[in-house]
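K.L.:
First, the structure itself, so that you have it in front of you.
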Amino acid sequence: MWIRCNPNPLGKQTGDCVIRAIAIATDQSWRRVYRQLCDLGEKHADLPNSNAIWGMYLRERGARQFLLPESCPDCITVQAFCERYPEGIYVIGTGDHAVACIDGDYYDSFDSGILTPTYFWRVK
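Be aware that the sequence shown starts at 1, since it is given in full-length UniProt numbering, and climbs by one per residue.
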């Protein structure tokens with residue numbers, strides 16, 4: 001089930017989905033995650049929301065990445081993913097969006113349930 005959640009301190013919802021999803025999944029503040037991703041991005045001369053940087057960030061914290069089928073009919077939606085994985089904490093990537101899934105619910109600033117994820121990180 002979708003749960004409306006936007007940890008951005010100013011309520012913005014554009015361009016920071018990676019930060020929002022990681023903040024929710026790791027139970028940290030938006031500002032803390034933003035600073036940590038910026039520091040890592042600066043260290044590696046890359047943007048904080050690039051797949052390489054936020055993937056490195058999650059990997060350093062023990063998360064594992066898994067791929068999902070990209071082409072239908074084997075593809076699934078964010079909502080179906082959360083129904084399939086009713087336990088655990090995940091950050092789901094769709095290619096141009098990231099969303100947190102906790103114990104079968106997806107947390108986002110809008111209902112992203114129809115999006116098609118291509119990979120996910122198991123955080124816990």
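Virtual Cβ for every residue (Gly too), placed ideally from N, Cα, C.
Under the three-state reduction of DSSP, which class applies to residue 102: helix, strand or coil?
P.N.:
It is a strand residue.
K.L.:
Please name the residue, chosen from 95, 69, 42, 78, that lies closest to residue 108 on a Cα-to-Cα basis.
P.N.:
Cα-wise, what sits closest to residue 108 is 78.
K.L.:
Do you know whose CA, among 4, 116, 3, 17, lies nearest residue 69's CA?
P.N.:
Selected option, being the one with the closest Cα: 116.
K.L.:
Identify the continuous beta strand (DSSP E) that holds residue 90 and give its terminal residues.
P.N.:
Looking at the DSSP string, the run of the beta strand (DSSP E) that includes residue 90 is 89 to 93.
K.L.:
Ignore the nearest five residues each way along the sequence and tell me which others in residue 66's own chain have a CB closer than 6 Å to its CB.
P.N.:
Excluding sequence neighbours, residue 66 sits near 120.
K.L.:
When you compare each of 58, 95, 71, 100 to residue 85 by their alpha carbons, which one comes out closest?
P.N.:
Minimum Cα distance to residue 85 is reached at 100.
K.L.:
Just to confirm my understanding: we take residue 18, look at its own chain, exclude 5 residues before and 5 after, and list those with CB closer than 7 Å. What are they?
P.N.:
Around residue 18: 49, 54, 98.
K.L.:
When the distance is taken between beta carbons, is residue 88 closer than 9 Å to residue 33?
P.N.:
Not in contact: residue 33 and residue 88 (Cβ atoms no closer than 9 Å).
K.L.:
Please classify residue 13 as buried or exposed, where buried requires at least 16 neighbouring CB atoms within 10 angstroms.
P.N.:
Label assigned to residue 13: exposed.
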